[in-house]
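Peer 1:
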Amino acid sequence: MAYLGLVAVVVHDYDEAIAYYTRALGFELREDTPRADGSRWVVVAPPGARETCLLLARASTPEQSARVGDQTGGRVGLFLTTDDFDGAYKRMVAEGVVFEEEPRYEPYGAVVVFRDLYGNRWDLLQPA
Numbered sequence: 405m406a407y408l409g410l411v412a413v414v415v416h417d418y419d420e421a422i423a424y425y426t427r428a429l430g431f432e433l434r435e436d437t438p439r440a441d442g443s444r445w446v447v448v449a450p451p452g453a454r455e456t457c458l459l460l461a462r463a464s465t466p467e468q469s470a471r472v473g474d475q476t477g478g479r480v481g482l483f484l485t486t487d488d489f490d491g492a493y494k495r496m497v498a499e500g501v502v503f504e505e506e507p508r509y510e511p512y513g514a515v516v517v518f519r520d521l522y523g524n525r526w527d528l529l530q531p532a
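Residue numbering for the sequence shown follows the numbering used here, beginning at 405 and increasing consecutively.
1. Taking the beta strand (DSSP E) that Gln530 belongs to, which residues open and close that run?
2. Would you list the one or two residues that DSSP bridges to Arg444?
3. Roughly how far, in whole angstroms, is the beta-carbon of Asn524 from the beta-carbon of Gly473, given that I think they are within contact range, below 8 Å?
4. At a cut of 8 Å, does the region 433 to 445 reach the region 480 to 495 through at least three beta carbon pairs?
5. Taking only the alpha-carbon atoms, compute the straight-line gap between Val517 and Ala492 and give it to the nearest angstrom.
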């Protein structure tokens with residue numbers, strides 16, 4: 405069986421990224437392992453996630469630094485699915501997450517666009 409295990413998100417700083425994803429988005433820190441080259445292997449995921457996690461990868465070149473916060477050219481590139489849209493939205497608002505719009509209730513479900521710490525655009529989504 406194949407599955408998508410990790411999605412890399414390029415960040416400026418490991419510790420500020422860990423703090424944001426665990427506090428504001430409620431993710432769990434799954435791994436934070438130092439590597440010989442001075443980098444770290446940092447993995448976070450929504451509570452209970454069994455497959456896809458985020459690898460928080462610190463930018464190490466000018467080209468990578470230029471991509472922090474705009475890895476998808478301004479499009480929504482990450483989709484956080486929940487079974488408690490209203491609760492997740494209220495908790496994230498209380499944590500200072502920046503939302504671009506008011507929640508919408510579409511035929512496919514409840515959705516709202518937000519930006520993470522670095523400006524990457526996400527959908528918070530509860531399928532219908």
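Just so you know, even glycine gets a beta-carbon here, dropped at the ideal spot from N, CA and C.
Peer 2: Reading from the atomic positions:
1. Note, Gln530: beta strand (DSSP E), Arg525 to Pro531.
2. Note: Arg444 sits in a beta bridge opposite Pro438.
3. In this structure, Asn524 and Gly473 form a Cβ contact; the two beta carbons are roughly 6 Å apart against a cut-off of 8 Å.
4. Note that the region 433 to 445 does not touch the region 480 to 495; fewer than 3 beta-carbon pairs, one per stretch, sit closer than 8 Å.
5. In a straight line, the C-alpha of Val517 is about 13 Å away from that of Ala492.
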